[in-house]
Amino acid sequence: MLKRKIEDDSQSVESNDSVDSNDSTSSKGAKRVRFDQRVVFHFPRTQGSSCVPSNGGYTLGMKRQHAFVEHFKFNDQDDLDFCYSSDSDDEDEDDDTNMFMPIPQKTRKAILKDAGVKKIDKQEALECMQIRFSRQICGCDCKDYCDPKSCSCSLNGINCQVDRDNFPCGCVRNECHNPNGRHEYDPISVRRHFIETILKVRGQKYIWDQKVLQNTSSSAGDTTASKNVISFAVV
Numbered sequence: 001m002l003k004r005k006i007e008d009d010s011q012s013v014e015s016n017d018s019v020d021s022n023d024s025t026s027s028k029g030a031k032r033v034r035f036d037q038r039v040v041f042h043f044p045r046t047q048g049s050s051c052v053p054s055n056g057g058y059t060l061g062m063k064r065q066h067a068f069v070e071h072f073k074f075n076d077q078d079d080l081d082f083c084y085s086s087d088s089d090d091e092d093e094d095d096d097t098n099m100f101m102p103i104p105q106k107t108r109k110a111i112l113k114d115a116g117v118k119k120i121d122k123q124e125a126l127e128c129m130q131i132r133f134s135r136q137i138c139g140c141d142c143k144d145y146c147d148p149k150s151c152s153c154s155l156n157g158i159n160c161q162v163d164r165d166n167f168p169c170g171c172v173r174n175e176c177h178n179p180n181g182r183h184e185y186d187p188i189s190v191r192r193h194f195i196e197t198i199l200k201v202r203g204q205k206y207i208w209d210q211k212v213l214q215n216t217s218s219s220a221g222d223t224t225a226s227k228n229v230i231s232f233a234v235v
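Under the UniProt record's numbering, the first residue of the sequence shown is numbered 1, with each subsequent residue one higher.
Here's what the structure looks like:
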């Protein structure tokens with residue numbers, strides 16, 4: 001009698017554990033974030049004032065107030081196909097790398113006219129030119145060596161910035177004594193970050209490999225030049 005009761009209690013505990021397990025599983029599933037629709041706001045095109053193009057004027061912008069709103073349900077299969085497919089199956093893979101290329105001034109002007117912008121401010125080109133010129137006046141005047149007592153960057157409490165050779169700061173890596181540091185633009189890191197972002201958007205996995213190539217010139221003695229080369233493979 002006692003043995004039968006123990007077996008019944010054991011079965012009851014196992015049954016309760018099974019129920020609790022199912023409840024926990026269902027509760028975890030209930031906490032998942034689900035999106036039932038997407039909302040698209042459409043803004044009219046206008047001549048912008050919040051950006052400065054690399055050349056000329058005719059900046060592109062949008063009005064502060066949207067014109068209309070569209071709602072799309074995610075249970076619509078056509079809409080899902082639109083979300084997860086490209087605009088054209090014949091597009092080259094290089095299009096992703098060209099999407100952020102500067103738009104020529106003539107093209108920007110044509111875009112504004114096609115959008116119905118009738119009054120275009122032609123003086124904007126002069127204002128943009130002045131802004132671009134003012135942005136070039138930056139960095140310290142140091143030549144190779146940076147003295148913290150005379151370096152304008154050090155005196156203003158900011159780090160030295162080198163985007164390319166001698167611009168905007170003229171100091172070199174081993175001779176900069178700015179206590180705030182020195183930041184040098186690394187095109188390889190920027191390119192790598194861009195490729196990583198594109199591959200993540202596509203949902204593709206990748207493997208990086210970074211090598212240092214040594215180029216030795218026998219005619220000039222024992223001079224050796226090194227160059228970092230990165231490569232990746234999509235898996």
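Glycine included, C-beta positions come from ideal geometry on N, C-alpha and C.
Check                                                                                                       : Outcome
Three-way DSSP call (helix, strand, coil) for H193 in this model                                            : helix
Reduced DSSP category for K113 - H, G, I as helix; E, B as strand; rest coil                                : helix
Residue from G157, V69 and E196 whose Cα sits closest to the Cα of N178                                     : G157
Beta-carbon proximity of residue 243 to N180, cut-off 8 angstroms                                           : Outside the displayed span of the chain (1 to 235) sits residue 243, for which this structure offers no information.
Reduced DSSP category for P44 - H, G, I as helix; E, B as strand; rest coil                                 : coil
DSSP bridge partner residues for Q161 (one or two, in chain order)                                          : H183
Buried versus exposed call for V190 [16 or more other C-beta atoms within 10 Å across all chains shown]     : exposed
The stretch 99-115 in contact with the stretch 55-62 per 3-pair CB rule at 8 angstroms                      : yes
K119 versus P168: straight-line alpha-carbon distance, rounded                                              : 37 angstroms
C51 classed as buried or exposed, judged by whether at least 16 other C-beta atoms fall within 10 angstroms : exposed
Residue of E184, P148 and F72 minimising C-alpha distance to Q37                                            : F72
Which listed residue (V39, K106, S49 and M62) has its alpha carbon closest to that of F74                   : V39
Under 8 angstroms between C-beta atoms of P53 and C138                                                      : no
Per-residue burial, V162 [other beta carbons within 10 Å of its own, 16 or more giving buried]              : buried
Per DSSP, cross-strand counterpart(s) of K119                                                               : Its beta-bridge partners do not exist; DSSP assigns none.
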